[in-house]
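Enquirer:
Numbering (the working numbering), first residue to last: 1355 to 1465.
Pasting the structure below:
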């Protein structure tokens, strides 16, 4: 039986996916166009093994899907609205006070 994930679960999955810069880069690349793992690894400058682990995380989060094409597998966003959501989220965060940085910038290197 299919169930609808709670709002909290959905946001937590999305947050988990965005918590890693490589996964963010994968999502942004797939926002532009579907891609094959080998091409993504080369474009992002990461090993295929590392990319595979991140793609598995994104699949588990429900954000990307695989499309078999003969002997190859293409990856794409699970829903085209995710690309717009990424753009909207980035725009909202940038718009919220671009001149502020986190208090932990000096120690943690964030923001």
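Even glycine gets a Cβ: it sits at the ideal position worked out from N, Cα and C.
(1) Tell me the rounded alpha-carbon separation between residue 1433 and residue 1404.
(2) By a C-beta neighbour count over all protein chains shown, 10 Å radius and 16 as the cutoff for buried, is residue 1371 buried or exposed?
(3) Work out the CA separation of residue 1402 and residue 1444 for me, nearest whole Å.
(4) Looking at the structure shown, is residue 1394 part of a helix, part of a strand, or coil, going by DSSP?
(5) Quick one: what's got a C-beta closer than 7 Å to residue 1400's C-beta in the same chain, skipping five residues either side?
(6) Using 8 Å as the threshold, is the C-beta distance between residue 1383 and residue 1397 below it?
(7) Along the chain, where does the alpha helix (DSSP H) that runs through residue 1375 open and close?
(8) Taking only the alpha-carbon atoms, compute the straight-line gap between residue 1422 and residue 1428 and give it to the nearest angstrom.
(9) Roughly how many whole angstroms lie between the Cα atoms of residue 1368 and residue 1390?
(10) Assign residue 1443 to one of three DSSP states: helix, strand, or coil.
Expert: Result, derived from the coordinates:
(1) 24 Å
(2) Residue 1371 comes out buried.
(3) Taking C-alpha positions only, residue 1444 is separated from residue 1402 by approximately 27 Å.
(4) helix
(5) 1376
(6) yes
(7) 1375-1386
(8) 6 Å
(9) As the crow flies, the alpha-carbon of residue 1368 is around 22 Å from that of residue 1390.
(10) helix
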